[in-house]
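Each remark here refers to the structure printed beneath this line.
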Amino acid sequence: MRNRRNIKRYRYSNKGKIPLRELHIRDNGVCAKCGDFVHLDVATRDHRVPTSRGGSNKNKNLQLMCFICNQLKANKLVA
Ligand SMILES: [Zn+2]
C-alpha cells in the first residue's frame, strides 16, 4: 500500500506568517519585552496573545522577542 503523505508538505511553508527576518525589520530589531536590540540569530517570534487563548497567527499578533526573554516567558506560567 502506498502512502501519499508527502503531498501536503509545501502548503505549510510560511503561509500567512511573517518571516522572522521581516518581523525583525518591522519591530526595528527591538525585543518587545526587554527593549534591547536583538540580533537576528537569537530573535524569536512571540505571540502577544497565545494561540491557546484564542490569539491568532496573524502578523498583528506577532512580535519580536529575544531568545532569552522567550525562554523566561515560557518558564513562567503567565497569569
Ligand atoms: Zn528580550
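So for the sequence shown, our numbering puts the first residue at 120; every next one is plus one. Idealized CB from N, CA, C, for every residue including glycine.
Handout entry: Beta-carbon contacts of leucine 142 that lie in its chain and below 7 Å, excluding the five residues immediately before and after
Key = So the list reads Arg164, Leu181, Leu183, once near-sequence residues are dropped.
Exercise for the section: Mind reading off the beta-carbon distance from lysine 136 to cysteine 188? Whole number of angstroms is fine, and I expect it under 8 Å. Expected result: Incorrect: roughly 20 Å between the Cβ atoms, too far for contact.
Practice task
Report buried or exposed for valine 157, applying the criterion of at least 16 other Cβ atoms within 10 angstroms of its Cβ.
Solution key: Label assigned to valine 157: buried.
Problem - Where the beta strand (DSSP E) through arginine 164 begins and ends - result: That run of the beta strand (DSSP E) goes 162-166.
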